[in-house]
Amino acid sequence: MTGSYVALELLKGGHKVIGISRNPDKLGQHDNYTTRSIDLTKASISEVTDASKSVDAVVNAYGLHSQLGKALGYSMCRLTRIFNVTSTNISQGPSSSLLAPSPSPHKLQGALLFMAGGAGSMLVRDTPFVTAADDPSFFYAYVRDATVREAYVDHAQEWAGEDAVHLKKAREALLAEETGKGTPGTRQLLNAVYENMFHMDGHVVDFITGARATFIFFGGNNSLKWTYMSPPPLYRPGRRNGSYEIAVDVMPLKLAGPHNEGDAIFDGRLHGIALPDIAIAVADEAETKEKAGN
Numbered sequence: 000m001t002g003s004y005v006a007l008e009l010l011k012g013g014h015k016v017i018g019i020s021r022n023p024d025k026l027g028q029h030d031n032y033t034t035r036s037i038d039l040t041k042a043s044i045s046e047v048t049d050a051s052k053s054v055d056a057v058v059n060a061y062g063l064h065s066q067l068g069k070a071l072g073y074s075m076c077r078l079t080r081i082f083n084v085t086s087t088n089i090s091q092g093p094s095s096s097l098l099a100p101s102p103s104p105h106k107l108q109g110a111l112l113f114m115a116g117g118a119g120s121m122l123v124r125d126t127p128f129v130t131a132a133d134d135p136s137f138f139y140a141y142v143r144d145a146t147v148r149e150a151y152v153d154h155a156q157e158w159a160g161e162d163a164v165h166l167k168k169a170r171e172a173l174l175a176e177e178t179g180k181g182t183p184g185t186r187q188l189l190n191a192v193y194e195n196m197f198h199m200d201g202h203v204v205d206f207i208t209g210a211r212a213t214f215i216f217f218g219g220n221n222s223l224k225w226t227y228m229s230p231p232p233l234y235r236p237g238r239r240n241g242s243y244e245i246a247v248d249v250m251p252l253k254l255a256g257p258h259n260e261g262d263a264i265f266d267g268r269l270h271g272i273a274l275p276d277i278a279i280a281v282a283d284e285a286e287t288k289e290k291a292g293n
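The structure is reproduced here in structure tokens:
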């Protein structure tokens, strides 16, 4: 879904776009839009490289949502490797090594690889070397915050598999509790959902930790020009506001309240953004490449 918004934003800016996916035609037709129908879960590096020749930027916003589960982390890393090698080949030629010494990403010529990663790769403030995906309280707060937002629950139905069903039921249970219609069953359901997240158990956890694992292909990698985006946890479809803010490395949080101590550091403090505004950020970076290497 993110890729569709990005493609539309780039087309709006007058750029030529090549759409690579199983069904790229579903976006519609445009004079500057070329489609390449490729199943990226089965594609080879050569296929993706051939489809991406002569581009200025490669945006990897592909979501392996149909493969949620324990194998998701590997699937994400495999696909990330394909795009990394593809971008390296475009920039330096097919004989280049992914890990070969080379200039800094700012000085490299050729295509930028823009990776749409996940919020789990962001570092936790005042906790050296710990990412959000390492902290059980992040998952607990993430599901609690997501449950109260109807737009996010609806968005999750498109990618979170069985967990999306549980999330929708959790929202219904939460609404029942808040309107005085709660039952022992609704309380039990909510407690089970929150407990699973705190113990880092579930497909959503696999998805977030799998996305975090893809960053190993980027940090310290000087063989290609790259930018890695970790969108805020509560991103979802919504109205285009036309603006966004950038934080580097450390996850930004809303102002803390008196209850935000210990395991509650994330509670009620997670940010969100509408997908059209994420697309603006991606398009801006594809044009300027100002954040290459971050």
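Each residue of the sequence shown is one higher than the one before, counting from 0 in numbering that gives the first Met the number 0.
Backbone N, C-alpha and C fix where the C-beta goes; we use that ideal spot for every residue, glycine too.
For clarity, every value in this text was computed on a predicted model and none was experimentally measured.
Mapping DSSP to helix, strand and coil, what is residue i?
{"i": "Phe33", "result": "Note on identity: in this sequence residue 33 is Thr, with Phe being the wrong assignment. Reduced to three states, the DSSP call for Thr33 is strand."}
{"i": "Val247", "result": "coil"}
{"i": "Ser43", "result": "coil"}
{"i": "Ser101", "result": "For Ser101, the pLDDT reaches just 41, beneath the cut-off of 50, and the residue's location in the model is therefore unreliable, although a value from the coordinates is still provided. DSSP places Ser101 in coil when its eight states are reduced to three."}
{"i": "Thr178", "result": "coil"}
{"i": "Phe137", "result": "helix"}
{"i": "Asn59", "result": "strand"}
{"i": "Ser20", "result": "strand"}
{"i": "Leu112", "result": "strand"}
{"i": "Tyr4", "result": "helix"}
{"i": "Thr126", "result": "coil"}
{"i": "Ser95", "result": "Residue placement at Ser95 is flagged as unreliable, the pLDDT there being 37, under the threshold of 50; a coordinate-derived value is accordingly withheld."}
{"i": "Ile323", "result": "Lying before the first or after the last residue shown, residue 323 is absent from the chain, which here runs from 0 to 293."}
{"i": "Lys290", "result": "coil"}
{"i": "Phe217", "result": "coil"}
{"i": "Ser120", "result": "helix"}
In terms of residues, what are the limits of the beta strand (DSSP E) holding residue i?
{"i": "Lys224", "result": "Lys224 to Met228"}
Residue i: buried (16+ other C-beta within 10 angstroms of its C-beta) or exposed?
{"i": "Tyr61", "result": "buried"}
{"i": "Lys290", "result": "buried"}
{"i": "Val247", "result": "exposed"}
{"i": "Gly27", "result": "exposed"}
{"i": "Asn190", "result": "exposed"}
{"i": "Gly179", "result": "exposed"}
{"i": "Ser120", "result": "buried"}
{"i": "Glu284", "result": "buried"}
{"i": "Glu8", "result": "buried"}
{"i": "His154", "result": "buried"}
{"i": "Phe265", "result": "buried"}
{"i": "Ser53", "result": "exposed"}
{"i": "Leu269", "result": "buried"}
{"i": "Ser94", "result": "The pLDDT assigned to Ser94 is 40, lower than 50, so where the model puts this residue is not dependable; a value taken from the coordinates is nonetheless given after this. Exposed, because fewer than 16 other Cβ atoms sit within 10 Å of the Cβ of Ser94."}
{"i": "Val203", "result": "buried"}
{"i": "Arg124", "result": "exposed"}
{"i": "Pro23", "result": "buried"}
{"i": "Phe206", "result": "buried"}
{"i": "Tyr73", "result": "exposed"}
Whose C-alpha, out of the options, is nearest the C-alpha of residue i?
{"i": "Met196", "options": "Glu171, Pro135, Lys253 and Phe82", "result": "Pro135"}
{"i": "Glu194", "options": "Ala212, Glu46, Arg35 and Tyr141", "result": "Tyr141"}
{"i": "Val281", "options": "Met228, Phe137 and Ala118", "result": "Met228"}
{"i": "Ala131", "options": "Met0, Ala263 and Met250", "result": "Met250"}
{"i": "Thr226", "options": "Ser43, Gly117 and Ala6", "result": "Gly117"}
{"i": "Ile245", "options": "Asn88, Leu254, Leu39 and Pro231", "result": "Pro231"}
{"i": "Glu286", "options": "Thr126, Pro236, Ala56 and Leu173", "result": "Ala56"}
{"i": "Leu233", "options": "Asn293, Ile277, Val129 and Leu10", "result": "Ile277"}
{"i": "Lys37", "options": "Ser20, Ser43 and Ser51", "result": "Rather than Lys, the amino acid found at residue 37 in this sequence is Ile. Closest option to Ile37, Cα to Cα, is Ser20."}
How is the alpha helix (DSSP H) around residue i delimited, first residue to last?
{"i": "Val192", "result": "Pro183 to Phe197"}
{"i": "Thr208", "result": "His202 to Ala212"}
{"i": "Pro236", "result": "No alpha helix (DSSP H) holds Pro236; DSSP gives it neither H nor E."}
{"i": "Val54", "result": "Note, Val54: premise wrong, no alpha helix (DSSP H); not H, not E."}
{"i": "His154", "result": "Glu149 to Ala155"}
{"i": "Pro275", "result": "Leu274 to Thr287"}
Inter-stretch contact (C-beta, 8 Å, three-pair minimum) for the segment 9–19 and the segment 29–40: With the rule of 3 Cβ pairs closer than 8 Å, the segment 9–19 counts as touching the segment 29–40.
Any 3 or more C-beta pairs closer than 8 Å across the segment 110–127 and the segment 237–244: These segments do not touch.
Any 3 or more C-beta pairs closer than 8 Å across the segment 161–174 and the segment 213–233: In the pairwise beta carbon analysis, the segment 161–174 is classified as not touching the segment 213–233: fewer than three pairs are separated by under 8 Å.
The segment 44–52 contacting the segment 72–89, beta-carbon criterion three pairs below 8 Å: The segment 44–52 is in contact with the segment 72–89.
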